[in-house]
Structures are given as C-alpha cells and as structure tokens.
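See structure below.
This is the structure:
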C-alpha cells in the first residue's frame with residue numbers, strides 16, 4: 093500500500109546524564125557533585141488515551157572548581173520545553189510539510205496533545221536554526237470524521253486518512269496515499285527530499 097510514515101520515539105529513558113566538562117567559560121574542571129534534584133513533567137503522544145505526562149528526574153550539578161551550577165538535559169527532551177523531543181519536532185515537521193500553525197495544533201489536538209501556535213513556531217525555528225527555509229506544502233488542512241483523522245493532500249485536492257501506530261518505544265503516523273494518482277509521486281518525493289537536510293528526531297519514509 094502506498095503510504096507515508098512520520099516516525100518518532102517515545103520518551104522512555106530517564107537515565108541521568110553526568111556532565112563531562114564544566115560549561116562555564118574558561119573552567120577546565122571535570123569534577124562535579126549533585127546540587128539539586130528536579131522533577132520535570134514531559135508530555136508525549138500515545139494512542140488511544142492521547143497525551144501522556146511522564147515525570148523525568150533531572151539533577152543540577154555544582155562544579156567543585158568554580159562553583160557554578162547547571163542542569164543536564166537528556167536527548168529525549170528539549171531544554172526549556174515540557175514536550176518530548178519527538179513531539180516537539182513533530183509539530184515543526186508538520187508545519188514544514190504544509191500545515192499552518194493553526195492546522196498543526198488542530199492535528200495534534202485530534203490526539204489530545206494540546207500545544208500553542210507559539211510552540212510550533214519555536215519548534216520550526218529550532219529545526220531550521222533560524223535560517224530561511226522552504227515549505228513543502230504537501231498537506232494543508234486537517235479534519236476529523238468519527239474516529240479518523242484526515243489530511244488534505246494539496247497537489248491533488250484529495251483528503252487522505254491516517255492512523256497512529258505504536259510498537260514498543262516507537263510511534264508512527266501512517267498516511268494512506270492509495271487514492272493519490274501516480275503522477276503526483278515525483279512531486280511528493282521532491283518535496284520530501286527538500287526536508288532531508290533538517291536534523292530532526294522525526295523521520296519521513298515514503299513507500300510506493
């Protein structure tokens with residue numbers, strides 16, 4: 093079946109990162125002690141219950157040489173955000189695929205993940221490193237019918253269904269492209285290739 097997978101990973105590992113070098117400018121120390129324990133709520137996406145809040149244990153460390161304190165951030169989360177890295181990047185990738193900020197929030201709210209348009213904007217800026225970027229404009233609208241979410245495939249003006257899949261610690265949105273005429277696939281592949289330079293925790297995989 094012709095489809096497009098948007099894939100990511102759930103936040104599952106809360107292993108604490110031990111710093112290797114002091115982040116303070118000019119300090120060569122690699123000796124630290126735990127200074128403070130922090131509990132942080134991180135949101136991820138799962139089906140069918142939707143938004144899942146996980147408690148992440150972080151530690152603030154104190155440098156034994158210069159006395160500065162700082163916190164380490166696991167790769168599964170974004171510094172300063174309450175969303176998992178995968179969910180944060182998903183919102184940015186959906187925008188680059190063509191959905192507006194409002195449509196991205198509408199899409200995620202279909203899976204009970206509520207984020208603001210400002211958060212989507214920040215995700216896009218981080219993914220593109222504040223550089224100029226081109227949007228693929230493959231999908232432009234979202235709607236929900238009964239228990240199914242649909243996306244508007246803009247080049248052909250056709251609504252296509254998608255489903256959420258979760259296996260172990262991986263999740264994916266599988267977009268069914270069976271109704272899309274074959275002549276649109278070169279354009280779709282070109283649009284997806286333009287996003288390959290984006291360093292994202294979310295991956296796109298097209299199956300023809």
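Residue numbers (my numbering): 93 to 300.
Where a beta carbon is used, it is the ideal one built from N, C-alpha and C, also for glycine.
This one's a predicted model, so the numbers in the text were calculated from it and none came from an experiment.
- As the crow flies, the alpha-carbon of residue 202 is around 11 Å from that of residue 256.
- With a cut-off of 8 Å on Cβ pairs, the stretch 237 to 255 is not in contact with the stretch 215 to 224, counting fewer than three such pairs.
- By the neighbour-count criterion, in which 16 or more other beta carbons inside 10 Å mark a residue as buried, residue 300 falls on the exposed side.
- The beta carbons of residue 119 and residue 95 sit no closer together than 8 Å.
- Residue environment for residue 258: exposed (fewer than 16 other C-beta atoms within 10 angstroms of its C-beta).
- Within the stretch 157 to 215, complete alpha helix (DSSP H) segments of at least 4 residues are found at 177 to 188, 193 to 201, given in chain order.
- Contact annotation, residue 136 with residue 186: C-beta distance approximately 16 Å; criterion of less than 8 Å not satisfied.
- The shortest C-alpha to C-alpha distance from residue 263 to any of 182, 129, 194 is the one to 182.
- For residue 194, the closest C-alpha among the options 235, 209, 97 is that of 209.
- The beta-carbon distance between residue 150 and residue 163, rounded to whole angstroms, is 6 Å. This is short enough to meet the 8 Å contact definition.
- Going by C-alpha positions, residue 125 is about 12 Å away from residue 113.
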